[in-house]
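Visitor:
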Amino acid sequence: MVTTETGAAPRTVRVLPDTLSIPMQRYELLPAMRPARKTVGLALSGGGANGLSQIGVLKALEEEGVPVDFIAGTSMGAVIGGLYSCGYTPGELETIAHTLPWESIVSIGNNNYSRSNIFLEQQRVRDRSTIAIRFEKLKLIIPRSLSSAQALTETLDILALNALYPVTDNFSSLPVQFRAVTTDLISGERVTLSSGPLSEAMRASSTIPVLFSPIARGQRRLVDGGLVANLPVDELESFNAGYKIAVDAHGSMYSTGRELDLPWKAADQALTILTKLQYPAQLEKADIVIRPELETHMATDFSDIDSLVALGYSKGKALAGTIRRGVEKQQKSSPSGRSIAGHTKRISFPTESPEFIEHYHIVSGIVRNAVDPRTALRELLETDLFTRVYAEVDARKKQTVFHLTPLPAIRRIQISGGPPGALSPDEQRACFSPLMDRVYTNRAGTRALESLVRAYRDKGYSLVYITRTGFTGTTLQVRVSSGRADAITVSQDRNITGQTPVNREIKVDTTTVVRLREARSSVKNLYDTGVFNRVSVSAESSAEGDEERTLLKFSLDEKPASVLRIGLRYDETSNAQFLLDYRNENLAGTTNSLGGWLKVGRKNNVANIEYNMPRIGSTNFTMSSRLFYDKHDFEHANIVFDKQFFHTRSFSSGSYDIQKYGFSTAFGTRIRKNGKFIADITLQNSRSSTDREGLEGFETETMDLLSMGSRLTIDSRDNALIATAGNYTDLRYAITTPAMENKNPFWQFSGTHEHNIPVGERTTLQLSGMFGVSSVAVPLSEKFFLGGPGTSYSRRFIGLKENALPGNNIASAGLQLQYQPPFDIIFPAALRFNYNAGNAWENRDEIALARLIHGIGTSLVWETPIGPARFTAAKAFSFLREADEQESSTLRFADTVFYFSLGHDF
960 MVTTETGAAP RTVRVLPDTL SIPMQRYELL PAMRPARKTV GLALSGGGAN
1010 GLSQIGVLKA LEEEGVPVDF IAGTSMGAVI GGLYSCGYTP GELETIAHTL
1060 PWESIVSIGN NNYSRSNIFL EQQRVRDRST IAIRFEKLKL IIPRSLSSAQ
1110 ALTETLDILA LNALYPVTDN FSSLPVQFRA VTTDLISGER VTLSSGPLSE
1160 AMRASSTIPV LFSPIARGQR RLVDGGLVAN LPVDELESFN AGYKIAVDAH
1210 GSMYSTGREL DLPWKAADQA LTILTKLQYP AQLEKADIVI RPELETHMAT
1260 DFSDIDSLVA LGYSKGKALA GTIRRGVEKQ QKSSPSGRSI AGHTKRISFP
1310 TESPEFIEHY HIVSGIVRNA VDPRTALREL LETDLFTRVY AEVDARKKQT
1360 VFHLTPLPAI RRIQISGGPP GALSPDEQRA CFSPLMDRVY TNRAGTRALE
1410 SLVRAYRDKG YSLVYITRTG FTGTTLQVRV SSGRADAITV SQDRNITGQT
1460 PVNREIKVDT TTVVRLREAR SSVKNLYDTG VFNRVSVSAE SSAEGDEERT
1510 LLKFSLDEKP ASVLRIGLRY DETSNAQFLL DYRNENLAGT TNSLGGWLKV
1560 GRKNNVANIE YNMPRIGSTN FTMSSRLFYD KHDFEHANIV FDKQFFHTRS
1610 FSSGSYDIQK YGFSTAFGTR IRKNGKFIAD ITLQNSRSST DREGLEGFET
1660 ETMDLLSMGS RLTIDSRDNA LIATAGNYTD LRYAITTPAM ENKNPFWQFS
1710 GTHEHNIPVG ERTTLQLSGM FGVSSVAVPL SEKFFLGGPG TSYSRRFIGL
1760 KENALPGNNI ASAGLQLQYQ PPFDIIFPAA LRFNYNAGNA WENRDEIALA
1810 RLIHGIGTSL VWETPIGPAR FTAAKAFSFL READEQESST LRFADTVFYF
1860 SLGHDF
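Under our numbering, residues 960 to 1865 are what the sequence shown spells out, in order.
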């Protein structure tokens, strides 16, 4: 502004400081001028685990006061840069790096579903197969990758959803403007992402071809940007960055063929070779290069994150001074052309306040020593105490008045909007305590507002943002968003799955505040239906007038519905067995399944046609039906410690077989996702035969049976064979009616419970119990069998051979201690120690503790590519010859038995 007198030259000239032109996109109490400087762009490279060193670089730059306005990143650099751009601090990024399970996130394989969160029917199907092959219209679908990268997808989605700042469709609206570099796998072209879901952009830039599925955007298939620009310094030119910093964290190459023992290591080596060709041209464009000393560290090694961050931090600290001087160079305020040396200088504040004196004392030296007004104004802005400054220079009177608008005093905080009662008054005040009743800076105000949002995040509110701030006198007024999603949309790439099965798995409600756990639960529920390769969630915010609107979007990458599963197994009892399972797992888009499976072996053959409705519509009701055929041959050798021990029955070795075929249907309700309570009815033909006649309870017989029953099953184990957490409960009651010419109706009641207790990082204690009681008239085909490591035909009892003890009544209890060493024994392995006690009885009046058999054993279990392998050595022993014996007990051992199996049990 220029003030003049009529007909005279201007007397008073208003001088404004040079200010930074790029907009402030962080939360701020009031809009404020910022002193001019060079804008700073940061190029972050790929490098796998080595890329984590860039967190240390960011930490060092922040501590040294080096600003970052723009970030362009590739691969791990895109992940770190994207998270930093939406509000995560270097300290938070370091914590995230420590807490994330990197091995599972970057692991290959498509079985990274949560077993405890899937339907029981799916557990059984997936537990028994080794290979799954997908078909679409009878055409074989070759997998595009070794992994769908669901773990990586979910991790980045949740982090982006929980960011401090809303993620709009434009990455230039983030606090730090961001670009992610990717490669189009179809054309080979470089594709820079500047919009869309932020988590998707980070994921696309870090998607290693072959290992992970490409990200589809329109007709493009996007993968790791390291193929074309592992260090994208040239992307900073699109921002017109005044000072370009390159951070090179690609590390070293593998030096011997022996080190390239895994496919992802070979992929990393190939990318490293490509990046070496790109680097010279990119490095020439940088004003400075920060290169942490990573020569001895491999990109696939996430074992020592502390040292990686420390290496980046030390190099960033060493160069921060040079960078700071480069940013400030030639950015001093240009001279105003007016010298105010010898002028009378005065400071003017808009209003008088108790803080006036303190502000005056802080800046009076700058004003008193000022020679050039523009330079002085820049120094005043650098104190960060003012929202606006300017000077009025009166050359005639030699007077200069510096007008300074300080941040208002804060006596009271008033927060409106947001989830009611989410934060207590004390929690709200704690966020702003550094500002109350004292002089503070613009940066302190931003930190206080960010701490308020962080407090909501700590409570699980992911969509609460600050929408407006202002002052009424000394009252700071902060308005926050409602935290609700204004709309929820679903995007499907194939449009196979219907709306009902998708909507029933989404736990987010637009009428209530969105919680992070609900979003995470929705993603897991959708993924664990088994019909999606990948499930992603993102939030997009947009402004409509004074209101912020938030859209929550679920993106579903659907699997072809038809799948063929193959299983292989070998064990010492049944020898080689083969499984074929073919079914449509998303029949008519309902997530119901229809199909059949066939098991073929020398001693057992099974055929089933099944229809399963895990949930009927949007209800929790469930229904299933099956046609079945099951034939199993038993080699029975009654192992005893003393012939008188089984004084109620005595029979010799022999063989017999059991054959069943029929139809069964069940209806009931789900108990959570991994449990159900059902009523069922079964019509079957049952035949049993033996090669020895006249053995009590082992007669050859054929009969038609009509059974009705109920069953409660809950399985929350994380692994069916090598469980480290979770429980398994199965209770069953059935009665067979006199129908179908069955003159001897009978009933059965049985139960099994397994409780897995983690007692250390690698140790699990398993407690188990099992019982079965029956009426007298139970045919051989329906008896309980005890012995062996546990199969679908014989209940587990370590120390006895499979099917060693048949009976109408059984009971056993067991204890198992499992330890998983931190190293592989060829494959990941677990060592087990087992003890169990129990027996089988024909009649309930024979049951006695004195007749219990005990078993001890030790096992080594491996997780191999074709399924679990298990080797067990065990021995059974007893204490008494007779149940009513009064003399001291004598310990007797049976022969040592060995179990070996390879493959899933089916």
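Every residue, glycine too, gets a C-beta built ideally from N, C-alpha and C.
How do the region 1451–1459 and the region 1423–1435 stand: do at least 3 beta-carbon pairs fall below 8 Å, yes or no?
Guide: no
Visitor: Mapping DSSP to helix, strand and coil, what is residue 1676?
Guide: On the sequence shown, residue 1676 is found 717 positions in, with the first residue counted as 1. Residue 1676: coil per DSSP, three-state reduction.
Visitor: Quick check: the region 1108–1126 against the region 1154–1164, are at least 3 beta-carbon pairs closer than 8 Å?
Guide: In short, these stretches touch, since the Cβ pair count reaches three.
Visitor: What separation, rounded to the nearest whole angstrom, lies between the Cα atoms of residue 1545 and residue 1569?
Guide: Position 586 of the sequence shown holds residue 1545. Position 610 of the sequence shown holds residue 1569. For residue 1545 and residue 1569, the distance between alpha carbons rounds to 13 Å.
Visitor: Quick one: Cα of residue 1044 to Cα of residue 1135, how far?
Guide: For the purposes of this step, residue 1044 is taken as the residue at position 85 of the sequence shown. For the purposes of this step, residue 1135 is taken as the residue at position 176 of the sequence shown. Approximately 5 Å, taken between the alpha carbons.
Visitor: Work out the CA separation of residue 1530 and residue 1610 for me, nearest whole Å.
Guide: On the sequence shown, residue 1610 is found 651 positions in, with the first residue counted as 1. On the sequence shown, residue 1530 is found 571 positions in, with the first residue counted as 1. Model confidence at residue 1610 stands at a pLDDT of 40, short of 50, so the residue's coordinates are unreliable; what they give is reported in the following sentence. Each residue's alpha carbon lies about 26 Å from the other.
Visitor: Across which residues does DSSP place residue 1590 in a beta bridge pair?
Guide: If you number the sequence shown from 1, residue 1590 lands on position 631. DSSP, once it has assigned bridges, lists 1564 and 1618 as partnering residue 1590.
Visitor: Using the C-alpha atoms, what's the distance from residue 1180 back to residue 1138?
Guide: Residue mapping note: residue 1138 aligns to position 179 of the sequence shown, counting from 1. Residue mapping note: residue 1180 aligns to position 221 of the sequence shown, counting from 1. Rounded to whole angstroms, residue 1138 to residue 1180 spans 18 Å at the Cα level.
Visitor: Have a look at the DSSP bridge pairing and note the partners of residue 1766.
Guide: The residue labelled residue 1766 in the question sits at position 807 within the sequence shown. DSSP output for residue 1766 lists 1743 as bridge partner(s).
Visitor: Alpha carbon to alpha carbon, what distance is there between residue 1364 and residue 1335?
Guide: Position 376 of the sequence shown holds residue 1335. Position 405 of the sequence shown holds residue 1364. One C-alpha to the other measures close to 15 Å.
Visitor: Tell me the rounded alpha-carbon separation between residue 1376 and residue 1685.
Guide: Residue mapping note: residue 1376 aligns to position 417 of the sequence shown, counting from 1. Residue mapping note: residue 1685 aligns to position 726 of the sequence shown, counting from 1. C-alpha of residue 1376 to C-alpha of residue 1685: approximately 41 Å in a straight line.
Visitor: Tell me, which residues are paired with residue 1694 by DSSP?
Guide: Sequence index remark: in the sequence shown, residue 1694 carries index 735 (1-based). The partner list for residue 1694 (beta bridge, DSSP) reads 1667 and 1706.
Visitor: When we look at the beta-carbon of residue 1078 and count the other beta-carbons within 10 Å, is it buried (16 or more) or exposed?
Guide: For the purposes of this step, residue 1078 is taken as residue 119 along the sequence shown, with counting starting at 1. Per the 10 Å Cβ criterion, buried.
Visitor: Hey, how far is the Cα of residue 1278 from the Cα of residue 1025?
Guide: As a first step, residue 1278 is located in the sequence shown; it is residue number 319 there, counting from the start. As a first step, residue 1025 is located in the sequence shown; it is residue number 66 there, counting from the start. Answer to the nearest angstrom: the Cα atoms are 11 Å apart.
Visitor: Mapping DSSP to helix, strand and coil, what is residue 989?
Guide: Residue 989 sits at position 30 when you count from the first residue of the sequence shown. Coil, per DSSP.
Visitor: Give the secondary structure of residue 1478 by DSSP, where H, G and I count as helix, E and B as strand, and everything else as coil.
Guide: To locate residue 1478, count along the sequence shown from 1; it is residue 519. Helix, per DSSP.
Visitor: Once DSSP output is grouped into helix, strand and coil, what is the label at residue 1377?
Guide: As a first step, residue 1377 is located in the sequence shown; it is residue number 418 there, counting from the start. Three-state result, residue 1377: coil.
Visitor: Below 8 Å, how does it come out for the region 1708–1726 and the region 1774–1781: are there three or more Cβ pairs, yes or no?
Guide: yes
Visitor: Residue 1115 CB to nearest chain B CB: under 9 Å?
Guide: Among the chains in the structure shown there is no chain B, since it carries only a single protein chain.
Visitor: Tell me residue 1508's beta-bridge partners as DSSP assigns them.
Guide: Taking the first residue of the sequence shown as 1, we reach residue 1508 at position 549. Residue 1508 is bridged to 1501.
Visitor: Between 1532, 1510, 1540 and 1528, which has its C-alpha nearest residue 1521's C-alpha?
Guide: Within the sequence shown, numbered from 1, the residue matching residue 1521 stands at position 562. Checking every option, the nearest Cα to that of residue 1521 belongs to 1540.
Visitor: Decide if residue 1439 is buried, meaning its Cβ has at least 16 other Cβ atoms within 10 Å, or exposed.
Guide: Residue numbering aside, residue 1439 sits at position 480 when the sequence shown is read from its first letter. Under this definition residue 1439 is a buried residue.
Visitor: Report the three-state DSSP secondary structure of residue 1161 (helix, strand or coil).
Guide: The sequence position of residue 1161 within the sequence shown is 202, counting from 1. Reduced to three states, the DSSP call for residue 1161 is helix.
Visitor: Given 8 Å as the limit, is there contact between the region 1238–1248 and the region 1273–1287, that is, 3 or more CB pairs closer than that?
Guide: yes
Visitor: Pull up the CB-CB distance for residue 1593 and residue 1621, whole angstroms please, since I reckon it's below 8 Å.
Guide: One-based indexing of the sequence shown puts residue 1593 at position 634. One-based indexing of the sequence shown puts residue 1621 at position 662. Actually they are not in contact, since the Cβ atoms of residue 1593 and residue 1621 sit about 20 Å apart, beyond 8 Å.
Visitor: Use the C-beta contact count for residue 1322: other C-beta atoms within 10 angstroms, 16 or more gives buried, fewer gives exposed.
Guide: Start at 1 with the first residue of the sequence shown, and residue 1322 comes out as number 363. Burial call: buried.
Visitor: Per DSSP, residue 1243 is paired with what?
Guide: As a working note, residue 1243 is residue 284 in the sequence shown. BP columns for residue 1243 are empty, so no partner.
Visitor: Give the single residue among 1390, 1358 and 1362 whose Cα lies nearest to the Cα of residue 1373.
Guide: Position 414 of the sequence shown, counted from the start, is the residue given in the question as residue 1373. For residue 1373, the nearest C-alpha among the options comes from 1390.
Visitor: Looking at residue 1435 and residue 1394, is the spacing between their C-beta atoms short of 9 Å?
Guide: In the sequence shown, counting from the first residue as 1, residue 1394 sits at position 435. In the sequence shown, counting from the first residue as 1, residue 1435 sits at position 476. Residue 1435 is positioned such that its CB atom lies closer than 9 Å to that of residue 1394.
Visitor: Does DSSP put residue 1806 in a helix, in a strand, or in coil?
Guide: Here residue 1806 refers to the residue found at position 847 of the sequence shown. It is coil, neither helix nor strand.
Visitor: Where residue 1446 and residue 1498 are concerned, what is the direct C-alpha to C-alpha distance, given to the nearest angstrom?
Guide: On the sequence shown, position 487 is the one that residue 1446 refers to. On the sequence shown, position 539 is the one that residue 1498 refers to. Taking the straight line from one Cα to the other gives about 10 Å.
Visitor: What residues are listed by DSSP as bridge partners for residue 1722?
Guide: Locating residue 1722 in the sequence shown gives position 763, where the first residue counts as 1. In DSSP, residue 1722 forms a bridge with 1778.
Visitor: Do the region 1559–1573 and the region 1849–1861 touch if we need at least three Cβ pairs shorter than 8 Å?
Guide: As far as the Cβ criterion goes, the region 1559–1573 does not touch the region 1849–1861, which means the pair count is below three.
Visitor: Could you tell me the alpha carbon to alpha carbon distance between residue 1201 and residue 1000, rounded to whole angstroms?
Guide: The residue labelled residue 1201 in the question sits at position 242 within the sequence shown. The residue labelled residue 1000 in the question sits at position 41 within the sequence shown. Rounded to whole angstroms, residue 1201 to residue 1000 spans 8 Å at the Cα level.
Visitor: Exposed or buried, which one is residue 1338 when buried takes at least 16 other CB atoms within 10 Å?
Guide: Here residue 1338 refers to the residue found at position 379 when the sequence shown is read from its first residue. It is buried - the Cβ of residue 1338 has at least 16 other Cβ atoms within 10 Å.
Visitor: Can you list the beta strand (DSSP E) stretches of 3 or more residues lying completely in the region 989–1020, in chain order?
Guide: 999–1003
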